[in-house]
Structures are given as C-alpha cells and as structure tokens.
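With this note's numbering applied, the sequence shown corresponds to residues 953 to 1264, in that order. From the three backbone atoms N, C-alpha and C, an ideal C-beta is built for every residue, glycine too. Here's the structure we're looking at; comments come further down.
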Amino acid sequence: MTSINTNLSAMTALQSLKSTQSNLGKTQSQISTGLRVGEASHNASYWSIATQMKSDNGALSAVKDSIQQSKALINTFTSALDKTLVYLNKMKEGLVAATQPGADLAKINTEFKANIEGMKSAATSAQFNGQNWLISAPSAAAGTAASDVNIVVSYDAKNNSVGQLAIDIEDIQLFETNTTTDGGILNQGTTPASKYMDSVVGMNLEDTTFAAKNTAGKEADLKVMLTTIDTAITAVTKGSSMLGANKALLETQEEFIGALSNNLTAGVSAFVDADMNEASTRLQALQTQQQLGVQALSIANQNSQMILRLFQ
953 MTSINTNLSA MTALQSLKST QSNLGKTQSQ ISTGLRVGEA SHNASYWSIA TQMKSDNGAL
1013 SAVKDSIQQS KALINTFTSA LDKTLVYLNK MKEGLVAATQ PGADLAKINT EFKANIEGMK
1073 SAATSAQFNG QNWLISAPSA AAGTAASDVN IVVSYDAKNN SVGQLAIDIE DIQLFETNTT
1133 TDGGILNQGT TPASKYMDSV VGMNLEDTTF AAKNTAGKEA DLKVMLTTID TAITAVTKGS
1193 SMLGANKALL ETQEEFIGAL SNNLTAGVSA FVDADMNEAS TRLQALQTQQ QLGVQALSIA
1253 NQNSQMILRL FQ
C-alpha cells in the first residue's frame, strides 16, 4: 500500500542515517581525543577502573619524587661526611708529626683549629630543604626511635598506606645540636677537663694541662688523641657507609616504582585508549555509509513524488 501520510521507506532510511551519524560522531571523538572511553557513559566499568589506576599512579609519582628528594638529601650529607673525613685524616697526620721530638706543636695546633673550623662549617652548611641531620635530627614519628627519621619509599594501594624507610640519624650526627657544643661524633668527651684530648673539636695541643706535662705524659696524651681521631674516623666512615647503603636501596626502589608506574600507565591505556588504526578505518567506512544513507533517504523521498503522476 502506498500512503501519503506515512513513508516507511523514508523512515527506515532516516533511522539508519541517524545511527550512522551517531557512530560517526563517536569515532570522530575517539580520533580527536585518542580515547575510546573518555567518560563514564562510554563504559562505566572501564572508566571506573582506569580512574582508580590513574589515582594510584599519581601516588606512585609522588613517591618517586620523594625518593629523588631523599637521594639528594643523602648526597648532601654524604658530601659533608666525606669532607669531614679529609679534615680528620689531616688531624691524624698532625698528631703523628706531633709525636716527633722537637715538633712545632704551636703550628700543628694552628692547623688543628683550622681543621676543626672546617668540620664545623661542613656540618652546619649541609642543609637541604631546611634539614640538617648532621647537627640535629627532626622530630621522630610516634612509635619510632628518637634517632630515627622516616623517608617515603613506597605506596600500598590496597591498604592505602605509605611505606617508609627508617634511617638512624645517630650514626651520622657529628654534633648533637646546632650549637656544636653538646656531643656527637666530633664532640664526645668524658669530662670538660679532658676534652682537649678525647674530643675532636676540643683537641688542643696548647692546653695548659697538656703543656704542663712531661715528655712521657705528653706522649700518653697524644696516644689518647690518636685513639680519639681513629674512633671518630671509624664512626664517620660507618655513618657514610650507612647513607650509601640506603641510597643504593632508594635507587633500587626508584627503579621498581618506575616499573610499577609504567605498568599502571599501560593498564590505563588498555582500558581507555582508542586504537587509532581501527578508528581511522572505521571512520572511512562510516563516511561511506553516511553518503549511502543520504542517497537512500533521497530515493525514499522521491517515491512519494510518483503519486502525483496518478493525477496527471
């Protein structure tokens, strides 16, 4: 039956054309954005998973930044410790020279003072982001040792927790406080009266007590001083080694975090990224379908015009 009120052929052609144009719009959007799931309405499940993975990846990126900062922090303190070892070895050489009969103790003592000031300067200058573990440790977190400082090394997405590495600051603390007078590796001494020989920063070959002693007494004190210097060298070397070991751990962890981040990025891509080869091929097919749909609709509309011939 032919009707002038209802053109079924035109309605079918129009519906097909609308569907083609809708698919064409989606494909064009994929090509312009590079995403096949750009919002929740495209695929709620994939969009939700990808959004969570992006969030976790952001946390891992923050962890990676923290690790890089910690490495720079450790490098700063390691440089100061290495410089301290240079000064300590110079003092050790001076003490060996001081045991020689006729040694110029005043000149050696002047060199001691310069080396001591150099160590103080190295320790106080080792600042990074407002922190200096060589002269004063930041406040320890609850439940940790007073000398421990925790640095961020990982993120647990399942338990929403941050993994931390505890570093014992006591192993590298050259001075207990920033006044450089209250203890630490370089300022340990049993009593104020004996600090001229059992405290590195208090070592003084012109001390009145030392000067008043006979040759045998001075030799005994010089031996104590050598022991003091060797003890300090051992302690600073231990602290530097500890920092080096932790830096190596951070480098390994940084590499692992980078691999995790890459895997998450690849996972997000698998869920939401468009296959550009497939999308471009689909676009050409849909453009062809659109042209054919327009022609089909035109033909269907022309069928109604044929009714006019019946009345001619």
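{"Check": "Of the listed residues Thr1180, Ala1002, Thr1167 and Leu987, nearest to Gly1054 (C-alpha basis)", "Outcome": "Thr1167"}
{"Check": "The stretch 1004-1022 touching the stretch 1204-1217, judged by at least three CB pairs closer than 8 Å", "Outcome": "yes"}
{"Check": "DSSP-derived helix/strand/coil call for Leu1138", "Outcome": "coil"}
{"Check": "Three-way DSSP call (helix, strand, coil) for Leu1273 in this model", "Outcome": "In the structure displayed, the chain extends from 953 to 1264; residue 1273 sits before or after that span and is not available."}
{"Check": "Unbroken stretches of the beta strand (DSSP E), 3 residues or longer, contained in the stretch 1038-1121", "Outcome": "1100-1108 and 1113-1120"}
{"Check": "Residue range of the alpha helix (DSSP H) that includes Ala1197", "Outcome": "Thr1167 to Val1224"}
{"Check": "Three CB pairs or more closer than 8 Å across the stretch 1115-1129 and the stretch 1155-1166", "Outcome": "no"}
{"Check": "Check whether Ile1103 and Ser1022 have beta carbons under 8 Å apart", "Outcome": "yes"}
{"Check": "Among Leu1057, Lys1035, Asn1084 and Trp1085, nearest to Asn1067 - alpha-carbon criterion", "Outcome": "Lys1035"}
{"Check": "For Leu1216 and Asn1009, believed in contact at Cβ under 8 Å, the rounded distance", "Outcome": "4 Å"}
{"Check": "Three-pair Cβ contact test at 8 Å for the stretch 1077-1087 versus the stretch 1030-1046", "Outcome": "yes"}
{"Check": "Proximity to Ile1019 [Cα-Cα], best of Gln1205, Gln1239, Asn1139 and Ser1213", "Outcome": "Gln1205"}
{"Check": "Rounded straight-line distance, which links the Cα of Gly1245 to that of Val1220", "Outcome": "36 Å"}
{"Check": "Beta-carbon proximity of Met1149 to Thr1180, cut-off 8 Å", "Outcome": "yes"}
{"Check": "Three-state secondary structure (DSSP) of Leu1012", "Outcome": "helix"}
{"Check": "Met1043 classed as buried or exposed, judged by whether at least 16 other C-beta atoms fall within 10 angstroms", "Outcome": "buried"}
{"Check": "First and last residue of the uninterrupted alpha helix (DSSP H) at Asp1150", "Outcome": "Lys1147 to Asp1150"}
{"Check": "Cutoff 6 Å; reference Gln1241; Cβ partners in own chain excluding five residues on either side", "Outcome": "Thr972"}
{"Check": "Which of helix, strand or coil DSSP assigns to Phe1162", "Outcome": "helix"}
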